[in-house]
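In this text, residue positions in the sequence shown follow this note's numbering: the first is 8, and each later residue adds one. Right, one structure below, let's go through it.
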Amino acid sequence: MYLQNKLLLALKAGILMMTIFVVCLLRAQNAAIPFRYFSLREGLSDWTVTALQKDPSGLLWIGTAHGLQRFDGYKYLTFSTNPSSPYLISDHYVNSLKLFKDSLLVVAYSRNNELFDLIDYRNFKKNTIILKQRGITPSEQVQTIRVDEEGNVLVFTQYKAEGRKMISLYRFDVAKGRFYRISSLPSSFQGEPSDQLFDALKVGREEWILSNNKDSQLILLNHRGILKNFKHKIFWVQNCLWKLSVKGFRF
């Protein structure tokens, strides 16, 4: 009798769990998230969307392979290189799009890394920043334009000194309208032609550069030298370094 009672209780518990599961499943199915799809038919300028940024007024800016667009939920306002357009940008292939100093959008381009546009999202006024006319040393090769989590415009460059490749990091001073070098690798850094620049990280009060070497090892370094070589894939997420390995994540 005792065993039968235990089996009966287990059966009732199982039926109850199945009922709860079915009810939850039905609720989840009924609570489907609505999606709206936008394509060329609705006014998108290109199938290739490269960047998204929401401005402080809540409007969405879209970078594509064929221009920049602002979307208000109903219609698109298109910025292009067409001289007859009232909304101009410097190149049609947008690479990145970031908010800078609350009212300005930094628009960088895939095919031209010697300049970027600052566009006021309120009145669409465009200011083209040509890097080597704003403090970047003309002999240095521009590699990457970034906007960090604090809204600073950063530019990575490469150059040779005494036969060795060097990496510099510049920050844009919007008040003075020019770039200032804030970090440069020491001549002891054995740079290779295959090295790539990834990003700038702020650790405490110091700016650090993420790069990699010919062995695909990630390097964290600044003007005081190399901090560490990483042999695993590293991600920078919410001010933390995350390492991906076969054993999972850690930081």
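All residues carry an ideal CB built from backbone N, CA and C; glycine is no exception. Since this is a predicted model, take the numbers as computed values, not measurements.
How big is the Cα-Cα spacing for residue i and residue j?
i, j, result
"residue 246", "residue 154", "Note that residue 246 scores 46 on pLDDT, short of 50, meaning its location in the model is unreliable and no value can be drawn from it."
"residue 135", "residue 52", "22 Å"
"residue 177", "residue 101", "21 Å"
"residue 151", "residue 99", "18 Å"
"residue 168", "residue 138", "21 Å"
"residue 123", "residue 68", "16 Å"
"residue 187", "residue 133", "22 Å"
"residue 94", "residue 118", "20 Å"
"residue 90", "residue 170", "44 Å"
"residue 130", "residue 161", "25 Å"
"residue 72", "residue 56", "7 Å"
"residue 50", "residue 86", "13 Å"
"residue 128", "residue 83", "14 Å"
"residue 111", "residue 189", "23 Å"
Where does residue i land, buried or exposed, given buried means 16+ other C-beta within 10 angstroms?
i, result
"residue 175", "buried"
"residue 45", "exposed"
"residue 143", "buried"
"residue 54", "exposed"
"residue 61", "exposed"
"residue 115", "buried"
"residue 147", "buried"
"residue 70", "buried"
"residue 75", "buried"
"residue 81", "exposed"
"residue 77", "buried"
"residue 88", "exposed"
"residue 47", "exposed"
"residue 92", "exposed"
From this set, the options, which residue's C-alpha is nearest residue i's C-alpha?
i, options, result
"residue 185", "159, 171, 166 and 83", "159"
"residue 109", "189, 164 and 65", "65"
"residue 173", "88, 179, 163 and 125", "163"
"residue 59", "104, 81, 74 and 80", "104"
"residue 145", "96, 130, 166 and 97", "166"
"residue 157", "141, 179 and 149", "179"
"residue 181", "47, 113, 92 and 83", "113"
"residue 149", "84, 120, 127 and 126", "120"
"residue 63", "107, 92 and 50", "107"
"residue 126", "92, 97 and 48", "97"
"residue 141", "84, 183 and 86", "183"
Does at least one heavy atom of the ligand HEM sit under 6 Å from the Cβ of residue i?
i, result
"residue 171", "You won't find the ligand HEM in this model; it holds no ligand whatsoever."
Ranges of the beta strand (DSSP E) found wholly within the stretch 49-134, counting only runs of at least 3: 56-61, 67-71, 74-78, 83-86, 101-107, 111-116 and 122-127
Alpha helix (DSSP H) runs contained entirely in the stretch 143-177, provided each spans 4 or more residues: none
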